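Structure first, then comments.
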Amino acid sequence: MKKTFFLLLTALTALTAAAQSETLMTINGKPVSAEEFLYIYEKNNQAGAIDPKTMDEYLDMFINFKLKVVEAEAQGIDTTEAFKKELKGYRAQATPKYLQDNAAMDSLVEMSWRHMAKDRRAAHIAIQCPMNADSAAQTDALAKINEAYERVTIGKLKSERKKVKGKWQNVEKRLPAEPFADVARELSTDPSVQETGGELGWITPFRYVYPLEEAVYNTEVGKISAPFRTQYGWHIVLVEEEREHKEVKASHIMKMTPRGEGEDSIIAAKKIIIDSIAAIVTPENFGEVAKVESEDRGSSARGGDLGWFGKGMMVKPFEDTAFSLETGKISAPFQTMYGWHIMYKEGERGIQPLDSIRTQVERQVMRDERAKEADKSFVRKTRKEYNLPAAMTDEEVKNYADEHLEEKYPELKNLVQEYHDGILLFEVSLREVWDKAAKDTAGLEQFFAANKKKYTWDKPRFKGWLLQCKDKNSARAAQAIIRSAEPDSVKSYIARRINQDSTVYVKAQRGLWEQGKNAAVDKFGLKVKKAEFSPNEQLPYVVCVGKKLKAPAAWDDEKGKVTTDYQDFLEKAWIERLRAKYPVVINEEVWKKIKK
245 MKKTFFLLLT ALTALTAAAQ SETLMTINGK PVSAEEFLYI YEKNNQAGAI
295 DPKTMDEYLD MFINFKLKVV EAEAQGIDTT EAFKKELKGY RAQATPKYLQ
345 DNAAMDSLVE MSWRHMAKDR RAAHIAIQCP MNADSAAQTD ALAKINEAYE
395 RVTIGKLKSE RKKVKGKWQN VEKRLPAEPF ADVARELSTD PSVQETGGEL
445 GWITPFRYVY PLEEAVYNTE VGKISAPFRT QYGWHIVLVE EEREHKEVKA
495 SHIMKMTPRG EGEDSIIAAK KIIIDSIAAI VTPENFGEVA KVESEDRGSS
545 ARGGDLGWFG KGMMVKPFED TAFSLETGKI SAPFQTMYGW HIMYKEGERG
595 IQPLDSIRTQ VERQVMRDER AKEADKSFVR KTRKEYNLPA AMTDEEVKNY
645 ADEHLEEKYP ELKNLVQEYH DGILLFEVSL REVWDKAAKD TAGLEQFFAA
695 NKKKYTWDKP RFKGWLLQCK DKNSARAAQA IIRSAEPDSV KSYIARRINQ
745 DSTVYVKAQR GLWEQGKNAA VDKFGLKVKK AEFSPNEQLP YVVCVGKKLK
795 APAAWDDEKG KVTTDYQDFL EKAWIERLRA KYPVVINEEV WKKIKK
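In this note's numbering, the protein residues as written are 245 to 840.
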């Protein structure tokens, strides 16, 4: 029984999959696949959809949608430069994930995250040599880095004259390996090498060029890497130590001590911190104090918040304080090259799980040189997949892949078709319905007159003017203007003729007020007996000019509802015309298959 059910289920699945590639309908002779219908149907009927539809219900909506798209194409909207540009832009946003080796990218993200879990302390020897250097310079740089590698690993060879069996001969002797720092100071072209001996400090991912990071993390602790190339030249690295990565979340208050000034400014700044800040600051008020007192413009607006940071990201005195301070405590004042600080340590943590920071790590990889590895992998695989000629450049290979994405990825094909149809639907609906409804005043008036009984109110409303005046004379003058002027000109006339010399004698408002929405209108316009109204002391005399309405008298008394209903009316009439204009033929056999 189970076997029979499984075979039946497999057969039905295969049947549905086959049906998806078939033509479900034609509209004006143009085929529409079952796959496209199912894509749109399933996307709009996912779990949580506000108004889910059955397939039969959705079919009618889908036909109307495609009829509008056909009409848009008939009007030539799809040939306009604006349409082409917009569609190209949407497609460009959707394609990047298809134009990279996602497996290689995932591998780079996971490798980077593993590196982020450890900090490594390293030193290096660098021989500068730009990528565009001539062959002689390249040869010389490679010879120097090989010499440095030999001297710090197995020791250099020394030739001596010795008497062997009564004869003088040149004998080579291997000397002991030399201290890394000594060789660095002698051979490295790093500008700071005499001071540092080649020390780089603690290395974390994304801080140095990728080949250097890769060498540091791929070399055993205590060992020296083989020579490797970066854009700057040739290098070797000594990996000295490894530790678990830690991050601190902290805030600080800083008083700057500009470099170059005398001791007096430093002492004064320290005194300010100790005397006026350290005495009052607590974990609870640290943020508010920082906003007022801190001179670090980058963090003071955030209450001194520096976010999470690891070792090697801050100057050493700051880092030492952050990692030695107990969580929840405030430090004593301490000095850096920038000034005097007080720090509040809010937390400490190790590396976050990859799932919680994958997007962040991926973004860093994409900005980094290592992303080229995924790009190269994509180009290699694309050449092999399409058997492309070796003469094609990498850029030409990527362009070729881009041109064939929709053939390879049905979900992208459906998405781009959705963009295509959506843009056309918007533009043609704007022309045929939305703009017409907004601009067709005569049509709106006729529609309202024919459907007037449909629009009612629970409460009466006042339509007209609310005048708040300084005195009776101002009120009479304003009423005279309302009686003689066009409604749109009333306020400008009042401003010029009554409200002179920057003194407001009349404040005029025009509107349609529902009972209970404006106390002045309730009392003087709608004449509500128990209306409570307190006049403005500056404009105590109130007059309402207009009429009380029990129901809408004109279409713009219910502008929003009438406009929406008129749009629906126009759309229904338009759909009827489209169904008469473009024949729709449904393949009933395919329809039955996909409904199963």
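Backbone N, C-alpha and C fix where the C-beta goes; we use that ideal spot for every residue, glycine too.
No experiment lies behind these values; they were computed from the predicted model shown.
Residue i, buried or exposed, once every other Cβ within 10 Å from all chains shown has been counted against 16
i, result
"residue 668", "buried"
"residue 639", "exposed"
"residue 432", "buried"
"residue 259", "For residue 259, the predicted model reports a pLDDT of 40, less than 50, meaning its position is unreliable; a value from the coordinates is still stated below. Classification for residue 259: exposed."
"residue 253", "Note that residue 253 scores 36 on pLDDT, short of 50, meaning its location in the model is unreliable and no value can be drawn from it."
"residue 617", "buried"
"residue 304", "exposed"
"residue 648", "exposed"
"residue 430", "exposed"
"residue 643", "exposed"
"residue 777", "exposed"
"residue 742", "buried"
"residue 284", "buried"
"residue 822", "buried"
"residue 833", "exposed"
"residue 555", "buried"
"residue 605", "buried"
"residue 674", "exposed"
"residue 311", "buried"
"residue 581", "exposed"
"residue 694", "exposed"
"residue 769", "buried"
"residue 714", "buried"
"residue 401", "exposed"
Residues that residue i bridges to, as DSSP identifies them
i, result
"residue 828", "271"
"residue 588", "495 and 574"
"residue 276", "269"
"residue 415", "404"
"residue 580", "583"
"residue 754", "709"
"residue 554", "491"
"residue 549", "495"
C-beta contact flag for residue i and residue j at 7 Å
i, j, result
"residue 697", "residue 759", "no"
"residue 499", "residue 511", "no"
"residue 795", "residue 700", "yes"
"residue 771", "residue 712", "no"
"residue 826", "residue 272", "yes"
"residue 719", "residue 807", "no"
"residue 267", "residue 658", "no"
"residue 818", "residue 692", "no"
"residue 443", "residue 367", "yes"
"residue 441", "residue 425", "yes"
"residue 756", "residue 791", "no"
"residue 590", "residue 493", "yes"
"residue 534", "residue 497", "yes"
"residue 364", "residue 437", "no"
"residue 561", "residue 518", "no"
"residue 471", "residue 586", "no"
"residue 626", "residue 641", "yes"
"residue 282", "residue 663", "no"
"residue 415", "residue 409", "no"
"residue 564", "residue 495", "no"
"residue 815", "residue 321", "no"
"residue 216", "residue 737", "Because residue 216 is not part of the residues shown, which for the chain are 245 to 840, the question remains open."
"residue 397", "residue 468", "yes"
"residue 485", "residue 362", "no"
"residue 356", "residue 449", "yes"
"residue 653", "residue 461", "no"
"residue 419", "residue 399", "yes"
"residue 705", "residue 793", "yes"
Inter-residue CB distance, residue i and residue j (contact presumed, cutoff 8 Å)
i, j, result
"residue 370", "residue 476", "7 Å"
"residue 622", "residue 345", "4 Å"
"residue 584", "residue 514", "5 Å"
"residue 811", "residue 709", "That pair is no contact at about 30 Å."
"residue 531", "residue 551", "Actually they do not touch by this definition, with Cβ atoms about 13 Å apart."
Secondary structure, beta strand (DSSP E): runs of 3+ residues fully inside the segment 756 to 822:
Segments of the beta strand (DSSP E) lying fully in the segment 756 to 822: 785 to 793.
Can you list the beta strand (DSSP E) stretches of 3 or more residues lying completely in the segment 418 to 452, in chain order?
For the segment 418 to 452, whole beta strand (DSSP E) runs of length 3 or above, ordered along the chain, are 443 to 447.
Could you tell me which whole beta strand (DSSP E) segments of length 3 or greater appear in the segment 354 to 410?
With a minimum length of 3 residues, the continuous beta strand (DSSP E) runs that stay inside the segment 354 to 410 are 362 to 372 and 401 to 408.
For the segment 666 to 752, list the beta strand (DSSP E) runs that are entirely contained and at least 3 residues long, ordered along the chain.
For secondary structure counted as the beta strand (DSSP E) over 3 or more consecutive residues, the segment 666 to 752 holds these complete runs in sequence order: 705 to 713.
Counting only runs of 4+ residues fully inside the segment 593 to 618, write out the alpha helix (DSSP H) ranges in chain order.
The segment 593 to 618 contains these whole alpha helix (DSSP H) runs: 598 to 611.
Which ranges does the alpha helix (DSSP H) cover as unbroken runs of at least 4 residues, wholly within the segment 447 to 520, from first to last along the chain?
Listed in chain order, the complete alpha helix (DSSP H) runs (minimum 4 residues) inside the segment 447 to 520 are 454 to 462 and 507 to 516.
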